[in-house]
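Residue 32 in the numbering used here sits at position 32 of the sequence shown, with consecutive numbering throughout. Virtual Cβ for every residue (Gly too), placed ideally from N, Cα, C. Quick caveat, the model's predicted, so the values are computed rather than measured. Written out below as structure tokens is the structure these notes cover.
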Amino acid sequence: MDQQKLYDIEALITHQEQQIQDLSDMVAKQWDEIERLKRRLNRTQEKLNVVEEVANSATKSDGGASVSDIAAMEKPPHY
């Protein structure tokens with residue numbers, strides 16, 4: 001194998017190693033973002049559950065329908 005071919009192969013390997021490292025860093029950042037979004041979604045779901053419980057208890061005490069039932073009955077005309 002001549003010297004130029006060896007140099008080209010080494011350069012290619014170095015470039016690929018850098019690409020792998022860049023992709024690994026990107027995956028790590030995306031994983032952190034996914035975890036952050038999951039925590040945010042869980043907090044939002046907890047807040048929504050509290051709101052639904054309060055609304056349901058208010059409508060049930062009046063003998064009315066649940067929040068979901070009310071929303072289904074009050075669809076805008078374009079539905």
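- In the three-state scheme derived from DSSP, where H, G and I count as helix and E and B as strand, residue 25 is classed as helix.
- In the three-state reduction of the DSSP assignment, residue 2 falls in the coil class, being assigned neither a helical nor a strand state.
- A direct Cα-to-Cα measurement between residue 54 and residue 15 gives close to 59 Å.
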